[in-house]
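Visitor: For any residue, its number in my numbering is found by taking its place in the sequence shown, counting from 1, and adding 477.
Note that the Cβ used here is the ideal one computed from N, Cα and C, for glycine as well.
All figures in this text were calculated on a predicted structure; none of them were measured in a lab.
Dropping a structure here in structure tokens format, bear with me for questions.
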Amino acid sequence: MESTTNTLAEGTDIDAPAVALHGWSLSGKQGDVFTDIDLEVPTGAIAVVRGPAGSGKTSLLLSLAGRMRVSDGEGRLGDIDIRKQARTVRGQVAVGHIGGLTDLEDDFTVAQHVAERQIMLQPWYKPWASKSTLREVIGLIRDTFTTATEIIDELPPGTFSKQDAQRADFLIDDDGEVFVSELSELQKFFLEFGLASLSRPPVVVIDNIDYLRESADRARAWAGILIYQQLRRSRDPEDLLTVIVSCEDSSELDIATRSLGSRAEPSIVELELPPHPPAHRGSKH
Numbered sequence: 478m479e480s481t482t483n484t485l486a487e488g489t490d491i492d493a494p495a496v497a498l499h500g501w502s503l504s505g506k507q508g509d510v511f512t513d514i515d516l517e518v519p520t521g522a523i524a525v526v527r528g529p530a531g532s533g534k535t536s537l538l539l540s541l542a543g544r545m546r547v548s549d550g551e552g553r554l555g556d557i558d559i560r561k562q563a564r565t566v567r568g569q570v571a572v573g574h575i576g577g578l579t580d581l582e583d584d585f586t587v588a589q590h591v592a593e594r595q596i597m598l599q600p601w602y603k604p605w606a607s608k609s610t611l612r613e614v615i616g617l618i619r620d621t622f623t624t625a626t627e628i629i630d631e632l633p634p635g636t637f638s639k640q641d642a643q644r645a646d647f648l649i650d651d652d653g654e655v656f657v658s659e660l661s662e663l664q665k666f667f668l669e670f671g672l673a674s675l676s677r678p679p680v681v682v683i684d685n686i687d688y689l690r691e692s693a694d695r696a697r698a699w700a701g702i703l704i705y706q707q708l709r710r711s712r713d714p715e716d717l718l719t720v721i722v723s724c725e726d727s728s729e730l731d732i733a734t735r736s737l738g739s740r741a742e743p744s745i746v747e748l749e750l751p752p753h754p755p756a757h758r759g760s761k762h
């Protein structure tokens, strides 16, 4: 049986969830992918979807993003019916990372990726991105993570360091002429997250944060998410970002939360997916 636990920050409006699922289920030819999921994610919160490989985490995130049809259940994104208005959902839920869906092109520069995403967000009759627009967008991303860098620099010794911040700074030059092939996995993660955030979506989903192999990188990734959420909240309290992240182990989120302290006090909702096969769902270990 799936279980959820809530750690809600003071002031979060739990009566107006960003995402609400009831009996959310997906079955395929090979059996159940996930069944009877009940989940409510408050606006501006982080939802952590935990489970072992093969437990249906990726499919769940795809279904929340309006990119995979479920078999049963009710799901709402704010006032939007996820099952009936999948196209609308796709415009509201950005994908920060899903392997095979958000993969970056190694022979593209950061600027080319930003330009491509910017063009997708513009009207059809404007199929280009000017250099001034690119610099403005790149500057916005740079400013966001520069602020995050400053916050990290101000933390007490022994938490996150200036070196940690520098490793996360993927925009090495003002024009974004660095090739993706030159980026570290952590820098690629932040680039994907930055691209997903360009449209200022209300919800971003990030799958399998464990693909960052180093524990320290996962902690930095969680810290970046928390800081960006807080920055967006501080700049516009009416424009909160809800993030849904899947992983096998979320211990690095605890590290990031403790390290940032009052700098980022997230609302956290946790969903535990049981391992497959379905016959093992009710067993206790």
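How long is the line joining the alpha carbons of Leu668 and Asp513, rounded to whole angstroms?
Guide: 34 angstroms
Visitor: Kindly indicate which three-state DSSP category Ser504 falls into: helix, strand or coil?
Guide: Strand.
Visitor: Which complete alpha helix (DSSP H) runs does the stretch 537 to 584 hold, if anything under 4 residues is left out?
Guide: 563 to 569
Visitor: Just to confirm my understanding: we take Thr565, look at its own chain, exclude 5 residues before and 5 after, and list those with CB closer than 7 angstroms. What are they?
Guide: Ile557
Visitor: With a CB to CB cut of under 7 angstroms and the five nearest residues on each side skipped, what residues in its chain are close to Val572?
Guide: Ala542, Leu578, Thr579, Ala673 and Val682
Visitor: Buried or exposed, going by whether 16 or more other CB atoms sit within 10 Å of the CB of Lys561?
Guide: exposed
Visitor: Compare the C-alpha of Gly528 against each of Ser540, Arg544, Pro519 and Val510 and name the closest.
Guide: With distances taken between Cα atoms, Gly528 lies closest to Val510.
Visitor: Quick one: Cα of Asp657 to Cα of Val587, how far?
Guide: Per the sequence presented here, residue 657 reads as Val, with Asp not at that position. Rounded to whole angstroms, Val657 to Val587 spans 6 angstroms at the Cα level.
Visitor: My assumption, with CB atoms under 8 angstroms, is that Thr734 sits in contact with Ala522. Please give the rounded CB distance.
Guide: About 13 angstroms; that fails the 8 angstroms criterion.
Visitor: Along the chain, which unbroken stretches of the alpha helix (DSSP H) at least 4 residues long are found entirely within the stretch 653 to 693?
Guide: 662 to 674
Visitor: Relative to the alpha-carbon of Met728, which residue among Asp687, Ser711, Leu708 and His753 has its alpha-carbon at the smallest distance?
Guide: A small fix is needed here, since residue 728 is Ser in this sequence, not Met. Ser728 has its Cα closest to that of Asp687, out of Asp687, Ser711, Leu708 and His753.
Visitor: Flag this pair as yes or no: are the beta carbons of Ser744 and Val526 separated by less than 8 angstroms?
Guide: no
Visitor: With a cut-off of 8 angstroms on the beta carbons, I'd call Leu476 and Leu516 a contact; round off their distance for me.
Guide: Nothing can be reported for residue 476: it is not among the residues displayed for the chain, which extend from 478 to 762.
Visitor: Using C-beta distances below 6 angstroms, list every residue in its chain close to Arg758, excluding the 5 sequence neighbours before and after it, in chain order.
Guide: Confidence in Arg758 is poor, its pLDDT being 40 and thus under 50, which makes the residue's placement too unreliable to answer from.
Visitor: Starting from Arg476, trace the alpha helix (DSSP H) both ways and give me its first and last residue.
Guide: In this structure the chain extends from 478 to 762, so residue 476 is not present and cannot be described.
Visitor: Pop quiz: Ser504 and Gly550 are said to be a contact at Cβ under 8 angstroms. What is the actual Cβ separation, rounded to whole angstroms?
Guide: With 8 angstroms as the limit, Ser504 and Gly550 do not qualify as a contact, their Cβ atoms being about 11 angstroms apart.
Visitor: If we call anything under 8 angstroms between Cβ atoms a contact, is Val591 one with Ile721?
Guide: By the CB criterion at 8 angstroms, Val591 and Ile721 fall outside the cutoff.
Visitor: How close, in whole Å, do the beta carbons of Gly555 and Ala495 come, if the pair is a contact with beta carbons under 8 angstroms?
Guide: 6 angstroms
Visitor: Out of curiosity, what's the CA-to-CA distance linking Arg546 and Ser540?
Guide: 6 angstroms
Visitor: From Thr508 to Asp713, what does the alpha carbon distance come to, in whole angstroms?
Guide: Checking the sequence shown, residue 508 turns out to be Gly, not Thr. Rounded to the nearest whole angstrom, the CA to CA distance from Gly508 to Asp713 is 44 angstroms.
Visitor: Per DSSP, which residues does His499 bridge with? Please list them.
Guide: Glu551
Visitor: Taking just the CA atoms, how far does Glu747 sit from Arg690?
Guide: Each residue's Cα considered, the two are about 22 angstroms apart.
Visitor: Where do the ends of the beta strand (DSSP E) carrying Arg740 lie?
Guide: Note, Arg740: premise wrong, no beta strand (DSSP E); not H, not E.
Visitor: Apart from the five residues just before and just after Leu730, which ones in its own chain have a Cβ nearer than 7 angstroms to its Cβ?
Guide: Val525 and Trp699
Visitor: Please go through the same chain and pick out, in chain order, the residues whose beta-carbon is closer than 8 angstroms to the beta-carbon of Glu654, but skip the five residues on each side of it.
Guide: Thr586, Val587 and Ala588
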